[in-house]
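Taken in order, these protein sequences are the chains called Z and A.
Quick note: the first sequence uses my numbering, first residue 1, plus one each step.
Quick note: the second sequence uses my numbering, first residue 1, plus one each step.
This report concerns only the one structure given below.
Number of protein chains: 2
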Amino acid sequence: MNNVLRMNTLRDSRREPNRAQVACSQCSLGELCLPKDLTDEEKSRFEQIVHRSRPIQAGEHIFRSGDEFKSVASVRTGCFKSYAIDHEGQEQVLGFHLPGEIIGLDAIHQGRHMANVVALDTSAICSLPFNAMTNLARSMPDLQNELFRVMSQRISELETIAGDLSADERIALFLVSLSGRFAKRGYSDKEFILAMSRRDIASYLRLATETVSRVLARFQQRGLIKVDRKQVRILDPDKLEEASRKTVQ
Amino acid sequence: MNNVLRMNTLRDSRREPNRAQVACSQCSLGELCLPKDLTDEEKSRFEQIVHRSRPIQAGEHIFRSGDEFKSVASVRTGCFKSYAIDHEGQEQVLGFHLPGEIIGLDAIHQGRHMANVVALDTSAICSLPFNAMTNLARSMPDLQNELFRVMSQRISELETIAGDLSADERIALFLVSLSGRFAKRGYSDKEFILAMSRRDIASYLRLATETVSRVLARFQQRGLIKVDRKQVRILDPDKLEEASRKTVQ
DNA sequence: CCCGAATACTGATCTATATCAACTACACCT
DNA sequence: AGGTGTAGTTGATATAGATCAGTATTCGGG
Chain Z
1 MNNVLRMNTL
11 RDSRREPNRA
21 QVACSQCSLG
31 ELCLPKDLTD
41 EEKSRFEQIV
51 HRSRPIQAGE
61 HIFRSGDEFK
71 SVASVRTGCF
81 KSYAIDHEGQ
91 EQVLGFHLPG
101 EIIGLDAIHQ
111 GRHMANVVAL
121 DTSAICSLPF
131 NAMTNLARSM
141 PDLQNELFRV
151 MSQRISELET
161 IAGDLSADER
171 IALFLVSLSG
181 RFAKRGYSDK
191 EFILAMSRRD
201 IASYLRLATE
211 TVSRVLARFQ
221 QRGLIKVDRK
231 QVRILDPDKL
241 EEASRKTVQ
Chain A
1 MNNVLRMNTL
11 RDSRREPNRA
21 QVACSQCSLG
31 ELCLPKDLTD
41 EEKSRFEQIV
51 HRSRPIQAGE
61 HIFRSGDEFK
71 SVASVRTGCF
81 KSYAIDHEGQ
91 EQVLGFHLPG
101 EIIGLDAIHQ
111 GRHMANVVAL
121 DTSAICSLPF
131 NAMTNLARSM
141 PDLQNELFRV
151 MSQRISELET
161 IAGDLSADER
171 IALFLVSLSG
181 RFAKRGYSDK
191 EFILAMSRRD
201 IASYLRLATE
211 TVSRVLARFQ
221 QRGLIKVDRK
231 QVRILDPDKL
241 EEASRKTVQ
């Protein structure tokens with residue numbers, strides 16, 4: 001059992017100052033999480049099933065492979081990675097999750113989580129009980145649509161990374177995608193911190209860590225980016241974008 | 001506009017013999033398509049929104065990239081491939097679709113189909129208008145669950161093929177997966193026809209066509225399979241299964 | 001502030017698979 | 001039937017990126 005997703009106790013949820021912070025309408029994520037296009041009344045019904053968790057330390061897991069599927073999680077702050085263990089016992093990174101993104105939707109058809117999900121930073125999540133959510137979705141068309149939309153988006157994302165791309169294209173695409181996701185969240189799209197290690201990036205992009213180092217160094221030489229440890233600055237977004245598209249020979 | 005998914009005309013749907021064939025309860029697919037766990041009354045409501053198309057010739061498209069998203073399709077008979085065109089103008093195969101499988105769910109979040117879908121064989125589909133389906137899903141919990149389950153399954157499938165596998169593993173996995181899907185449909189899991197070309201297989205698995213030829217030849221030499229043109233017979237399912245798992249060194 | 005352990009970078013090889021180049025065998029048309 | 005085009009196979013070579021090896025940097029803990 002994982003205690004991270006444990007509901008706030010009744011006691012907690014009655015403490016009004018605390019409760020207020022939980023309200024989706026007050027949430028700093030705005031419309032990034034699910035409650036898109038909902039009326040105030042609908043939002044309030046939605047809030048009643050959402051549970052905000054205590055802070056999560058870097059390295060702490062919120063799902064483990066094999067866990068019974070009960071809830072999905074929405075990232076409030078911080079960063080998570082999800083990964084599976086292959087037959088060789090090697091970790092395989094499946095995705096990174098920023099604030100506003102929903103984690104755990106791939107667990108539905110098995111009824112169990114197949115991936116492990118771990119915090120890379122001090123983080124916070126909201127726990128969304130899936131049964132309650134689908135019940136609610138029945139009377140709230142926009143919520144149902146939003147759930148379908150989020151899943152469909154993940155399918156598209158995976159279709160991209162499954163494509164046959166060169167190392168340069170993969171890494172450029174990764175940086176461009178991160179940049180866009182940060183922008184959407186109100187952070188700088190030109191300068192950001194890579195919460196994940198080179199090893200994690202490599203695993204996610206199906207490359208060797210050495211290749212990640214080399215390509216980042218090469219991009220820096222070519223003046224596309226400036227990298228210092230985990231700090232990345234994008235100097236030439238257009239050329240980076242271009243590098244993410246297949247080189248026409 | 002694509003005319004394949006055009007609704008049966010009212011005239012057609014009133015012709016009882018024809019109409020009877022459309023009924024999901026009579027469909028040879030049984031529970032492979034969506035109507036799982038539905039009551040007879042629910043099935044009948046579902047049937048009212050489903051439209052069976054006329055036969056589709058090999059090479060005929062049922063969706064084109066950019067088409068407005070209105071319906072998903074369920075394969076009745078035959079085989080389809082979906083593909084995208086990359087920046088180089090190269091076709092990139094995204095998946096193959098057998099009877100009972102649902103096509104087009106990745107179009108939801110964009111509101112447009114991003115993939116092209118073409119018949120590889122003489123085929124038939126049912127067209128499922130998505131709006132009507134989600135409306136229906138609201139009063140039919142099992143239908144809603146089924147939609148989520150199908151999307152979740154596609155996410156898992158993509159997570160697999162996105163993994164970093166060797167050519168041998170990819171091809172073994174491809175054969176094992178096909179075998180399982182045929183079995184589920186009541187066909188032989190030991191002997192089947194590859195409706196798709198070597199080129200399509202290669203594109204789907206992100207390999208060169210030459211590599212596909214060579215690996216199939218090697219599998220035959222090792223006594224795992226017998227290949228003759230498009231006909232495949234699986235001689236040693238256990239060893240093939242084993243070959244699909246990463247070699248432990 | 002120092003030390004050991006991660007983590008990251010760089011250079012030297014190796015290798016799986018792509019690419020290039022013939023060649024073969026059907027499949028389809030007239 | 002014969003001819004032509006497409007799909008598949010097989011061999012030779014090239015190469016992107018993995019692996020191996022060594023060094024540098026950062027970080028956490030006493």
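Even for Gly, the Cβ is constructed at its ideal location relative to N, Cα and C.
Problem set entry | Exposure label - Z/Lys226; buried when at least 16 CB within 10 Å | With fewer than 16 other Cβ atoms within 10 Å, it is exposed.
Problem set entry | chain A residues whose Cβ lies nearer than 7 Å to that of Z/Ala162 | Taking a Cβ-Cβ cut-off of 7 Å, the neighbours of Z/Ala162 in chain A comprise Leu158, Ile161 and Ala162, given in sequence order.
Problem set entry | DSSP-derived helix/strand/coil call for Z/Gly146 | First, the residue type needs correcting, since residue 146 of chain Z is Glu and not Gly in the sequence shown. Helix.
For this session: State the beta-bridge partners of Z/Tyr83 as determined by DSSP.
Result: Its beta-bridge partners are Z/Val93 and Z/Asn116.
Exercise. Given A/Asp200, which residues of its chain have a CB within under 7 Å of its CB, disregarding the five upstream and five downstream residues?
Worked result: Spatial neighbours of A/Asp200 in its own chain (CB-CB distance under 7 Å, excluding positions within 5 residues in sequence) are listed in chain order as Lys81 and Val93.
For this session: Could you list the residues in the stretch 196-211 of chain A with a C-beta less than 8 Å from some C-beta on chain Z, going in chain order?
Result: Within the stretch 196-211 of chain A, the qualifying residues are Arg206.
Exercise. Cα separation between A/Thr9 and Z/Phe69?
Worked result: With a pLDDT of 34 at A/Thr9, under the threshold of 50, the predicted position of this residue should be treated as unreliable, though the coordinate-derived value follows. Distance between the alpha carbons of A/Thr9 and Z/Phe69: 43 Å.
For this session: Measure the C-alpha to C-alpha separation of Z/Glu191 and Z/Arg233 and round it to an integer number of angstroms.
Result: Straight-line Cα distance between these residues: approximately 4 Å.
For this session: Could you pull the start and end residues of the beta strand (DSSP E) that A/Phe69 belongs to?
Result: That residue, A/Phe69, is in no beta strand (DSSP E); it is neither H nor E in DSSP.
For this session: Return the Cβ separation of A/Val215 and A/Asp164 in integer angstroms, given the expectation that the two are a contact with Cβ distance under 8 Å.
Result: The distance from the Cβ of A/Val215 to that of A/Asp164 is about 17 Å, inconsistent with a contact at the 8 Å cut-off.
Problem set entry | A/Asn135 versus A/Asp142: straight-line alpha-carbon distance, rounded | One alpha carbon belongs to A/Asn135, the other to A/Asp142, and they sit about 13 Å apart.
Exercise. Which residue from Z/Arg170, Z/Ala217, Z/Val50 and Z/Asp40 puts its Cα closest to that of Z/Arg206?
Worked result: Here the closest residue by C-alpha is Z/Arg170.
Exercise. Taking the beta strand (DSSP E) that A/Pro237 falls in, what are its first and last residues?
Worked result: From DSSP, A/Pro237 is part of no beta strand (DSSP E) but of the alpha helix (DSSP H) over Pro237 to Ala243.
Exercise. What first and last residue would you give for the beta strand (DSSP E) that runs through A/Ser127?
Worked result: Where A/Ser127 is concerned, the enclosing beta strand (DSSP E) stretches over Ala124 to Pro129.
Problem set entry | First and last residue of the uninterrupted alpha helix (DSSP H) at Z/Glu273 | Not covered by the structure: residue 273 of chain Z. The range shown for chain Z is 1 to 249.
Exercise. Which chain Z residues sit within Cβ distance under 8 Å of A/Thr134?
Worked result: Chain Z residues near A/Thr134: Pro141, Gln144, Asn145 and Phe148.
Problem set entry | Near-chain Z residues of the stretch 40-59 of chain A (beta-carbon distance less than 7 Å), N- to C-terminal order | Here the close residues number zero.
For this session: For the beta strand (DSSP E) containing Z/Lys226, list its first residue and its last residue.
Result: Segment Ile225 to Asp228, the beta strand (DSSP E) holding Z/Lys226.
For this session: Specify the secondary structure class of Z/Thr77 as computed by DSSP and reduced to three states.
Result: Assigned with DSSP and collapsed to three states, Z/Thr77 falls in strand.
For this session: Rounded to whole angstroms, what's the CA-CA distance from A/Gly180 to A/Asp189? Just pull it up for me.
Result: In a straight line, the C-alpha of A/Gly180 is about 6 Å away from that of A/Asp189.
Problem set entry | Own chain, CB closer than 6 Å to Z/Ser166, minus 5 neighbours either side, in chain order | Correct list: empty, nothing qualifies.
Exercise. Between which two residues does the beta strand (DSSP E) containing Z/Gln221 stretch?
Worked result: Counting along the chain, no beta strand (DSSP E) covers Z/Gln221; the unbroken alpha helix (DSSP H) around it starts and ends at Thr209 to Gln221.
Problem set entry | For Z/Glu47, three-class secondary structure by DSSP | Three-state DSSP puts Z/Glu47 in a helix.
For this session: Using a Cβ cut-off of 8 Å, pull out every chain A residue sitting near Z/Asp106, in sequence order please.
Result: Among the residues of chain A, those whose CB is under 8 Å from the CB of Z/Asp106 are Ser152, Ile155, Ser156 and Glu159, following chain order.
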